[in-house]
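Engineer: For any residue, its number in the numbering used here is found by taking its place in the sequence shown, counting from 1, and adding 5.
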Amino acid sequence: HFDLWQGGVHHRDVSSPNLMWRKDKEGNLLGVLNDYDLSSLRITQGPQGNERTGTVPFMALELLTKEGQRGEVKYSYRHDLESFMWVLPWVC
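#1: From P62, H84 and N23, pick the residue whose C-alpha is nearest to that of V37; which is it?
#2: For G13, which residues from the same chain have a beta carbon less than 7 Å from its beta carbon, with the 5 sequence-adjacent residues on both sides left out?
#3: What does a CB cutoff of less than 7 Å around D29 pick up in its chain, not counting 5 residues either side in sequence?
#4: Please name the residue, chosen from G73, G76 and H16, that lies closest to D42 on a Cα-to-Cα basis.
#5: Report the residue from E72, N39, L68 and L93 whose alpha carbon sits nearest the alpha carbon of R83.
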């Protein structure tokens, strides 16, 4: 996720349905973040219609405020990190 973010691909919808995992031959868990259809690119200028993308139970709280719902909150990496945080209690 971090490498993609650094490369300019912003997922914007981290949620339990968008996470998959499998075990490799050594028994290590490997995780995959999928479903990039609503992601955005850093190089894109202007509104794209996906500024308020996300699965509500896993969205960062700041994005659920009135300002966030009006698109007045600039999306940042910490919003995806908070979404990962909300996924943990959901799956545990």
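Even glycine gets a Cβ: it sits at the ideal position worked out from N, Cα and C. All values derive from a computational prediction rather than experimental measurement.
Structural biologist: According to the structure data:
#1: It is N23.
#2: L46, R47 and I48
#3: L35
#4: Looking at the Cα atoms, H16 is the closest of the given residues.
#5: L68
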